[in-house]
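Numbering (the working numbering), first residue to last: 57 to 452.
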């Protein structure tokens with residue numbers, strides 16, 4: 057509401073004058089006849105972005121940390137306020153703020169910013185020089201995260217990445233995400249290598265792998281050349297598994313004292329359903345926790361793709377449900393990998409800001425649930441946990 061000096065000269069203003077304490081600037085404005093905005097307009101962009109960072113990225117904003125991802129620094133300190141990464145960040149932040157606070161107008165505005173970001177992304181992908189800029193990767197991370205926040209459907213993030221393939225086909229100079237981002241990361245032009253970076257390299261190949269699997273499943277078995285294509289496609293998940301297992305062995309060697317088991321305690325539940333596990337997995341810092349659940353998520357996707365291609369990778373190597381030993385790297389049984397993710401839930405929701413921990417679990421829990429049989433106790437427990445984490449993320 058806007059007031060002028062004349063608005064305050066009525067009887068009601070005189071009756072309340074003794075109870076009104078004006079700051080000097082406001083009094084000076086009254087004396088000069090200037091207008092006063094009692095409810096100044098809020099800085100929408102700053103508010104939404106600050107809300108997003110404070111809710112979801114509180115554990116990962118220390119630029120001085122040796123584990124801090126370079127893309128976080130680019131995200132928090134963009135070079136261009138109108139660049140692709142900033143538009144994508146605004147789309148994510150505005151949509152998230154709107155959903156959390158129930159502002160349909162902000163959700164619609166976020167959708168408009170998302171559309172702008174996609175248009176800008178299309179232009180940037182058609183320029184060979186610009187695809188090597190950090191803006192591109194940060195934008196893709198924001199847009200994929202927005203798909204998870206919007207929760208239009210559980211696989212929307214994958215559809216977004218797969219949607220880059222038609223963009224490439226329109227112009228041969230364009231560079232697709234799945235074919236070029238691993239080289240982009242390996243080239244070292246922008247990012248230094250941290251353990252999570254190697255997992256991101258593998259993750260960038262996942263959409264292409266799943267697209268090949270879908271093509272094999274949908275193809276006619278009698279098509280000439282299908283066997284050769286199937287042989288080639290089958291080699292991809294096997295090669296990826298070699299990379300993942302090597303990563304896990306190295307991670308286990310470097311951080312053997314950073315992860316351990318503790319007894320499960322339902323007294324810490326805070327709305328969580330009773331745990332089906334006697335022990336849960338604990339970490340010395342959130343970076344190790346994040347690395348492990350990303351590893352498990354990627355591993356589950358690759359193993360499920362391998363199964364879809366008819367590859368028999370053997371049964372269970374061991375059971376971790378009641379183990380007090382350190383985690384073991386070679387796991388080909390999808391249930392045991394899913395259980396490992398489940399056993400990290402307590403840590404993420406109790407040792408991190410709950411909204412940050414819930415956000416970190418959002419994607420891994422989605423992947424894990426798809427790899428558990430619905431009738432299992434772990435699956436029924438996970439359904440309840442996913443509902444709790446969704447509520448945490450959308451709470452004010």
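In this text, a Cβ means the ideal position worked out from N, Cα and C, and glycines have one as well.
Residues near residue 268 by beta carbon distance below 8 Å, same chain, minus five either side: Taking the chain shown and counting its residues from 1, the one referred to as residue 268 is at position 212. So the list reads 289, 292, once near-sequence residues are dropped.
At the level of alpha carbons, what is the spacing between residue 313 and residue 204? In the chain shown, the residue the question calls residue 313 occupies position 257. In the chain shown, the residue the question calls residue 204 occupies position 148. Using only the alpha carbons, I get a separation of about 33 Å.
State the Cα-Cα distance for the pair residue 352 and residue 396, rounded to the nearest angstrom. Your numbering for residue 352 matches position 296 in the chain shown. Your numbering for residue 396 matches position 340 in the chain shown. Going by the C-alpha atoms only, they are around 8 Å apart.
Which term fits residue 394, buried or exposed, when burial requires 16 or more other beta carbons within 10 angstroms of its beta carbon? Here residue 394 is taken as the residue at index 338 of the chain shown, counted from 1. Answer is buried; the Cβ neighbour count reaches 16.
Under 8 Å between the Cβ atoms of residue 333 and residue 403? The residue given as residue 333 occupies position 277 in the chain shown. The residue given as residue 403 occupies position 347 in the chain shown. Cβ distance not < 8 Å, so residue 333 and residue 403 don't count as in contact.
By the three-class DSSP mapping on this structure, what secondary structure does residue 151 have? Taking the first residue of the chain shown as 1, we reach residue 151 at position 95. It is helical.
Of the listed residues 280, 287, 406, nearest to residue 341 (C-alpha basis): For this step, residue 341 is matched to residue 285 along the chain shown. Of the listed residues, the one whose Cα sits closest to residue 341 is 406.
8 Å Cβ shell around residue 365 - same chain, five flanking residues per side excluded: Translated into the one-based positions of the chain shown, residue 365 becomes position 309. Closer than 8 Å at Cβ, skipping near neighbours: 269, 272, 286, 289, 290, 293.
Identify the continuous alpha helix (DSSP H) that holds residue 420 and give its terminal residues. Here residue 420 corresponds to residue number 364 of the chain shown, with the count starting at 1. Looking at the DSSP string, the run of the alpha helix (DSSP H) that includes residue 420 is 410-425.
When DSSP labels each residue in this structure, what does residue 333 get in the three-state scheme? Position 277 of the chain shown, counting from 1, holds the residue named residue 333. Judged by DSSP in its simplified three-state form, residue 333 adopts coil rather than helix or strand.
Which one of 304, 104, 439 has the shortest CA to CA distance from residue 155? Start at 1 with the first residue of the chain shown, and residue 155 comes out as number 99. Nearest C-alpha to residue 155: 104.
Residue closest to residue 320, alpha-carbon to alpha-carbon, out of 153, 343, 335: In the chain shown, residue 320 corresponds to position 264, counting from 1. Out of 153, 343, 335, 335 has the C-alpha closest to the C-alpha of residue 320.
Neighbourhood of residue 484 by C-beta, 6 Å cutoff - its chain only, sequence neighbours within 5 removed: There is simply no residue 484 to check, as the chain begins at 57 and stops at 452 in what is shown.
Label residue 354 either buried or exposed according to how many other C-beta atoms from any shown protein chain fall within 10 Å of its C-beta, with 16 as the threshold for buried. The sequence position of residue 354 within the chain shown is 298, counting from 1. Only buried fits residue 354, as 16 or more other CB atoms lie within 10 angstroms of its CB.
Member of 317, 147, 410, 99 whose CA lies at the smallest distance from the CA of residue 171: In the chain shown, counting from the first residue as 1, residue 171 sits at position 115. Out of 317, 147, 410, 99, 147 has the C-alpha closest to the C-alpha of residue 171.
Identify whether residue 318 lies in helix, strand or coil by the three-state DSSP scheme. Counted from its first residue, the chain shown places residue 318 at position 262. Of the three classes helix, strand and coil, the one that applies to residue 318 here is strand, per DSSP.
CA-CA distance, residue 161 and residue 277? Taking the first residue of the chain shown as 1, we reach residue 161 at position 105. Taking the first residue of the chain shown as 1, we reach residue 277 at position 221. Using only the alpha carbons, I get a separation of about 50 Å.
Should residue 349 and residue 400 be called a contact, given that it needs their Cβ atoms to be closer than 8 Å? Reading the chain shown from its first residue, position 293 is the one you call residue 349. Reading the chain shown from its first residue, position 344 is the one you call residue 400. Result yes, Cβ atoms of residue 349 and residue 400 sit closer than 8 Å.
What residues are listed by DSSP as bridge partners for residue 339? Here residue 339 refers to the residue found at position 283 when the chain shown is read from its first residue. Its beta-bridge partners are 315.
Per-residue burial, residue 434 [other beta carbons within 10 Å of its own, 16 or more giving buried]: Translated into positions along the chain shown, residue 434 becomes position 378. Buried is the label assigned to residue 434, since at least 16 other Cβ atoms lie within 10 Å of its Cβ.
Residue nearest to residue 141 in terms of C-alpha spacing, selected from 194, 258, 264: As a working note, residue 141 is residue 85 in the chain shown. Here the closest residue by C-alpha is 194.
Using only CA atoms, which one of 152, 436, 392, 256 lies nearest to residue 111? Within the chain shown, residue 111 is the residue found at index 55, counting from 1. Comparing Cα positions, the closest option is 152.
Based on Cα-Cα distance, which residue from 441, 315, 180, 413 lies nearest to residue 424? By one-based count along the chain shown, residue 424 stands at place 368. Comparing Cα-Cα distances from residue 424 to each of 441, 315, 180, 413, the minimum goes to 441.
Can you say whether residue 449 is buried or exposed, counting buried as having 16 or more other CB atoms within 10 angstroms of its CB? Taking the first residue of the chain shown as 1, we reach residue 449 at position 393. Label assigned to residue 449: buried.
Taking the alpha helix (DSSP H) that residue 392 belongs to, which residues open and close that run? Translated into positions along the chain shown, residue 392 becomes position 336. It spans 390-398 - the alpha helix (DSSP H) in which residue 392 sits, taken as one unbroken run.
Buried or exposed: where does residue 427 fall if 16 or more other Cβ atoms within 10 Å of its Cβ makes it buried? For the purposes of this step, residue 427 is taken as residue 371 along the chain shown, with counting starting at 1. Buried, because 16 or more other Cβ atoms sit within 10 Å of the Cβ of residue 427.
Would you check if the distance between the CB atom of residue 311 and the CB atom of residue 282 is smaller than 8 Å? Taking the chain shown and counting its residues from 1, one reaches residue 311 at position 255. Taking the chain shown and counting its residues from 1, one reaches residue 282 at position 226. No, they are not a contact pair.
Excluding sequence positions up to five away, which residues of its chain have a Cβ less than 6 Å from the Cβ of residue 265? Here residue 265 is taken as the residue at index 209 of the chain shown, counted from 1. Only 292, 361 meet the Cβ criterion.
Mind listing, in chain order, the continuous alpha helix (DSSP H) runs of no fewer than 4 residues lying wholly within the region 160-194? Runs found: 160-181.
Whole angstroms are fine: how far does the CA of residue 327 sit from the CA of residue 235? On the chain shown, position 179 is the one that residue 235 refers to. On the chain shown, position 271 is the one that residue 327 refers to. Caution is warranted here: a pLDDT of 36 is assigned to residue 235, below 50, making its placement in the model unreliable, and the coordinate value is therefore given only provisionally. C-alpha separation (whole angstroms): 43 Å.
Local conformation of residue 453 per DSSP, three classes: Here the chain covers residues 57 to 452 and nothing more, so residue 453 does not appear.
Where residue 274 falls, given that 16 or more other Cβ within 10 Å makes a residue buried: Looking up residue 274 in the chain shown gives position 218. Exposed: under 16 other Cβ atoms inside 10 Å.
Which whole-angstrom value is the C-beta distance of residue 346 and residue 262, which I expect to be below 8 Å? Locating residue 346 in the chain shown gives position 290, counting from the first residue. Locating residue 262 in the chain shown gives position 206, counting from the first residue. About 18 Å separates the beta carbons of residue 346 and residue 262, which is beyond the 8 Å limit, so they are not a contact pair.
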